[in-house]
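Protein chains: 2
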Amino acid sequence: MRNRERAMKMPQVIFQPSGRRGEIPEGKTVLEAARFLGVGIESVCGGKQSCGKCRIRVESEPSARLGITSHPDHLSPFTEEEGEFIGEKERAEGVRLACAAAIRGDVLIYVPEESRTGKQVVRKEASEKTLSLKPAIRLFPVTLPTPTLKDPQGDYERLVAALSERFGLQRLEIDYPALLELSGALRQGNWTVTAAIRMEQEILAVFAGEVKEVYGLAVDVGSTTVAGYLCSLTTGKTIGTESLMNPQITYGEDVVARITYVMDHPDGMNQMRGAIIECLNGLIRTVTADHGLSPAEILELTLVGNTAMHHLLLGIDPRALGVSPFTPAVHRSLDIKARDLGLKAHPAANVHVLPIEAGFVGADNVGVLIAEEPYRRDERVLIIDVGTNGEMVMGNRERLLSASCASGPALEGAHIRFGMRAAPGAIERIRIDPDTLDVGFKVIGEERWRPEFPVTGAKGICGSGIIDGVAELYRAGIIEHSGRFRTDSATARLRLTDGKPEFVIAWPEETALDRAITINQQDVRSVQLAKGALYAGAKLMMKRLGIAKLDRVILAGAFGSYIDKTEAMILGMFPDCDLDHVASVGNAAGDGARIALLNRDKRLEAETVARQIEYLELTLEEEFQQEFMAALFIPHMSDAFPHLPPLRDKN
Amino acid sequence: MRNRERAMKMPQVIFQPSGRRGEIPEGKTVLEAARFLGVGIESVCGGKQSCGKCRIRVESEPSARLGITSHPDHLSPFTEEEGEFIGEKERAEGVRLACAAAIRGDVLIYVPEESRTGKQVVRKEASEKTLSLKPAIRLFPVTLPTPTLKDPQGDYERLVAALSERFGLQRLEIDYPALLELSGALRQGNWTVTAAIRMEQEILAVFAGEVKEVYGLAVDVGSTTVAGYLCSLTTGKTIGTESLMNPQITYGEDVVARITYVMDHPDGMNQMRGAIIECLNGLIRTVTADHGLSPAEILELTLVGNTAMHHLLLGIDPRALGVSPFTPAVHRSLDIKARDLGLKAHPAANVHVLPIEAGFVGADNVGVLIAEEPYRRDERVLIIDVGTNGEMVMGNRERLLSASCASGPALEGAHIRFGMRAAPGAIERIRIDPDTLDVGFKVIGEERWRPEFPVTGAKGICGSGIIDGVAELYRAGIIEHSGRFRTDSATARLRLTDGKPEFVIAWPEETALDRAITINQQDVRSVQLAKGALYAGAKLMMKRLGIAKLDRVILAGAFGSYIDKTEAMILGMFPDCDLDHVASVGNAAGDGARIALLNRDKRLEAETVARQIEYLELTLEEEFQQEFMAALFIPHMSDAFPHLPPLRDKN
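These protein sequence lines map, in sequence, to chains A and B. Residues 38 to 688 in the numbering used here are what the first sequence spells out, letter by letter. Residues 38 to 688 in the numbering used here are what the second sequence spells out, letter by letter.
Spelled out as structure tokens, the structure:
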């Protein structure tokens, strides 16, 4: 009887500030409840109580207004693991980890700003590259002879005959949805129609009358951000961009956490797949509506993404990616009907998925390749695509290597005490005066720098900020070559908390958090691990190619254009190179998706280069550990940096 | 307020004997209510109050047991049109036409046996033809090298390499659902899998381990009956047959009525499409379950049907078929994914739809062509596919003509006073003794003939019975050459009802209806119109081909094998021919679907013959009316029938 009553009345859970509410079965965690109700809560570790990012607060007052009585006892008891992330004071205030606290009764949950997967400031603007136009889908307007009793030929044969006569198109096929609209379009257009034809082979759509323009969407599905570029396939112009958070982030911040989620949850893949498809449909709706179009006017999409994103989006089980030998289900590019994927564009729309190289070096890196074309260069180039999963390409027209390393979320602001994504309130630039040790910083959303302009809204530090911060700490002599904090610096900004040193970037009154934003020893170590992996990977690639010096370095990535190249080299993210030949190119993966959308020859090029590029599995290289250890130093244990300005008085 | 109450409580309608019930908005007809609730009621005219087939009875007792109070006043008033079909006595008993009576309150409706679209006795058994086997889909078992860190190639590339090495298959594509199952199948099969590949080009499925057999389904979608043949694509054997009524029959019995329904109802096409797809899914479920298989084991389907069935099944607007110049949307054969049609077979299953010739000469006639191969014959053959829509082919290897005529439902037992489909209780054979004028008949479901064996269960007359009946009435001298009843026959079987002559086939005590089953003047006229159209068409085709005499006549059709060829020639369904060279071949359209399923070369043959055959639009022929008038006579006004036995003493 007791169980039956329970089954009949489930706990009410309300999330604030979103106000979302619903009945949740007892025993589900607050994080699961949030997912169920569509409330975004950060979860870097994927619900393993090991990252501490999913902090929420349970409210203890009776919420008469909301019709429930919330109490901390309506959650399961505080765990030892939570104690690692939540101090006594916060605990007394009702702070919990959403992944640890299970629901036992009605609760009102407050999700603080830091824990929300808010809308990121996305800087994936389409670059200004000029692309040559050779789309897969073209429009063919044609007027047909009217059928008569003496000439009662079928609509399709009539259309095909006219297309053959006027444009010389032969052996045309027609996709089923186009067949359904054919008869209506012919009669509505009074026997003048415009056929949208793919690769001169397949009729995808038949529009009544003369239609002048047709559209496509290039999409870069990043682990964190999904960016879409709406393009005219007729003019080649990018007419709109839109980006959204990848909603899969609530299942784990990086690809390993998401694959683990699939391993642990029987329905995990379907959940994540549903989430990203819904996200893409939202993106399609928004970007078309913003430009007076409808989703049905999109006739082609191109997709890039790392291997895990690729698999999860297509609905391919990604578990083999998570265990040795890390084989993907498919390398080659794919053409799949949007309707088969559940994408709501024109019902006959084609989705071209770029090929995968190897392991985690995915279609996004292929996008980078066709955008930057290292295979056409004589100079030896290193391309680093900085993202949650770092991917590198090195070489030139003679030989190209690729590699992947879990450079990880630290360079995107995660795994950092005050790390956050590039959202309003994030400190994106840091400068430390080597003499006074005072700090200048700039916050996203503010025009001017502290201290020139007093800042009060800082909430955390994003990727470019943390790169700047650690590089500047080193340049100012606050941390050593090894990354260890010096304790003799004459500034109140360097202080000990729980016996551990940290450096104050923003004072409490300069933040929106009512406490100081700092960089601590652990943060510096995280950045060292991330940059060390990239540097070591680059060194092994140079060895494999037998080259001693890089001619050019290209920093790509969702926020690549915002990394300060000098600070990155001070930090030692990559081996020495003439700084005039180091460039940030922004979202090269997204550029590649756009290029493939607008030029079908580049798809063949992508297929070729994806097959020819040699994959270097860094974990198999004997010297990796040794190179990695040396590269943990700032900028490096022993390598020289002749191109760095001699700024380092104290080091 | 009144309206609101009405809106809140809709009338309850209960149908007996099925017991189906539901709430129906006021103003809907009983026929619409029946469709909504899935109750099959005959409707030849498509709800136009002009065929009288949809007779139902409203019950007037309070049905306390069923919770409603039914009363004849809960239907709209009796109409003048209903008076044409329902006599005073029946009217007093509550008999109505379902298409005329609108619902105004709770009603209990009884659907009499004659009005039910019951399960037909289907004689579409697969014929015993030996077919040469060359299926589009074949199985390729293969064992792959296990991936290692040194060989981390993707699953798809690994499979394709092994298929290329072992079987020489090149440039393979993979359908999306197969890609989804690939990784799991490889690991479950411990790197041994069986790939099902279509046309040596497209991987449709990947099964774990070695799989020996794969299946296909050939379907003949008739206006009245849907017949399916489950075949092994590996052995070529037909392992099961199943047939169902075409549920579209509730929207109109023939193609014209159904096209009219689409014209009159905005959602008509979707309704009919949904009905036939659901029917096909039921057929797939049943025929696979009966043989221990699952729908997912069906990898290919072939479909034939007349042009209207073809369009309605595919979801193509059929309205252009209903108006001059009667153009179909497409002639050529189509390959469409079962999933795009909503058919529940293997998710990658292909549906091959045979081509259409012209107008109403559809894919079913193409099926007849590839089954009977007139294009390989020297003799001049006439093939009549007798169905609701009659299709004819004439010629030989030198030249072939096709034509279509609305020979109509009369030869299937519709538009006949006591007509019914070939269901249990139908009189299928009639003989009249020319001397005594006594009648022998045989009922479907009974082994022996009356009068040899007393029969009491006759319910009506089906197509083969009505052909026999009219031919025998003529042979016995009861009707004249013109079809008119002689009134001087010395038999009580010939009587006047309302001043009109009719001939008693079965006395009341021999029927399940408690009244006599008769053939009246109107019935004879209907048969004359139907057979006259076929004969006139054949004559015009002979003229067009310049031939004076037919070498061979083939009678095909769902019940073709049950037409008595001698009676058909006595009636004058086709011009004179040596009876030894007249044959009934059964469901040749279904045979064609099976042949196309099992032999892909025959698909090319179908495409070729469908393009080469010349379509003769009979309505455009100046002489049609004249030929038709002459052909209304039994067997003909003037043509000689040297091959008919000299039986006609009285004529």
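Virtual Cβ for every residue (Gly too), placed ideally from N, Cα, C. This structure is a prediction, so every number in the text was calculated from the model and none was measured.
Between residue 222 (chain A) and residue 244 (chain A) a beta carbon distance of about 6 Å is seen, short of the 8 Å cut, so the two are scored as contacting. Using a Cβ-Cβ cut-off of 9 Å, residue 368 (chain A) is close to 190, 191, 193, 194 of chain B, given in chain order.
Excluding sequence positions up to five before and after residue 274 (chain B), its CB lies within less than 7 Å of the CB of 268, all in the same chain and listed in chain order. Excluding residues up to 5 positions away in sequence, 267, 276, 277 lie with their Cβ nearer than 8 Å to the Cβ of residue 328 (chain A) in the same chain. Counting the other CB atoms within 10 Å of its CB gives residue 490 (chain B) a total below 16, which places it among the exposed residues. Interface criterion not met: the Cβ of residue 519 (chain A) is under 8 Å from no Cβ in chain B.
Short of 7 Å from the beta carbon of residue 654 (chain A), and not among the five residues preceding or following it, lie these beta carbons of its own chain, in chain order: 396. For residue 395 (chain A), the nearest CB of chain B lies under 8 Å from its own CB, placing it at the interface with that chain. According to DSSP, residue 53 (chain A) shares a beta bridge with A:147. Spatial neighbours of residue 193 (chain B) in its own chain (CB-CB distance under 8 Å, excluding positions within 5 residues in sequence) are listed in chain order as 211, 216, 219. Legend: CB atoms of the segment 335-366 of chain B lying less than 7 Å from CB atoms of chain A belong to residues 352, 353, 354, 357, 361, 362, 363, 364, 365, 366.
Going by beta carbons, residue 213 (chain A) and residue 334 (chain A) fall outside the 8 Å limit.
Cβ neighbours of residue 324 (chain B) within its own chain (closer than 8 Å, five residues either side excluded): 254, 265, 267, 277, 278, 279. 8 Å or more divides the Cβ of residue 405 (chain B) from the Cβ of residue 135 (chain B). If you look at residue 374 (chain A), you'll find it in the beta strand (DSSP E) that goes 371-374. CA-CA distance, residue 76 (chain A) to residue 52 (chain A), rounds to 8 Å. Taking 8 Å as the threshold, the shortest C-beta distance from residue 296 (chain B) to chain A does not fall below it.
Look at residue 221 (chain B): its C-beta is under 8 Å from a C-beta on chain A. Taking residue 599 (chain A) as the centre and dropping the five residues before and after it, the same chain places the C-beta of 501 closer than 6 Å to its C-beta, in chain order. The bridge partners DSSP lists for residue 94 (chain B) are B:132, B:147. In this structure the segment 508-521 of chain B touches the segment 456-473 of chain B; the number of beta carbon pairs closer than 8 Å is three or more. Contact holds between the segment 519-534 of chain B and the segment 545-565 of chain B, because three or more Cβ pairs, one in each stretch, are under 8 Å apart. Rounded to the nearest whole angstrom, the C-alpha separation of residue 627 (chain B) and residue 282 (chain B) is 15 Å.
In this structure the segment 169-177 of chain A lies against the segment 223-241 of chain A, because at least three pairs of beta carbons, one per stretch, are closer than 8 Å.
The three-state secondary structure of residue 527 (chain A), taken from DSSP, is coil.
Assigned with DSSP and collapsed to three states, residue 347 (chain A) falls in helix. Between residue 657 (chain A) and chain B, the shortest Cβ-Cβ separation is below 8 Å. Here the segment 407-418 of chain A makes no contact with the segment 402-420 of chain B; the two share fewer than three CB pairs at distances below 8 Å. Only buried fits residue 378 (chain A), as 16 or more other CB atoms lie within 10 angstroms of its CB. Around the beta carbon of residue 658 (chain B), a 10 Å sphere encloses 16 or more other beta carbons of the protein chains shown; the residue is thus reported as buried. Judged by DSSP secondary structure, residue 457 (chain B) falls outside any beta strand (DSSP E); it is assigned neither H nor E. By the neighbour-count criterion, in which 16 or more other beta carbons inside 10 Å mark a residue as buried, residue 307 (chain A) falls on the exposed side. Around the beta carbon of residue 631 (chain B), 16 or more other beta carbons lie within 10 angstroms, which makes this residue buried. Using a CB distance cut-off of 8 Å, residue 373 (chain A) counts as an interface residue toward chain B.
Counting every other CB atom within 10 Å of its CB across the protein chains shown gives residue 62 (chain A) a total below 16, marking it as exposed.
In this structure the segment 450-466 of chain A does not lie against the segment 673-684 of chain A, because fewer than three pairs of beta carbons, one per stretch, are closer than 8 Å.
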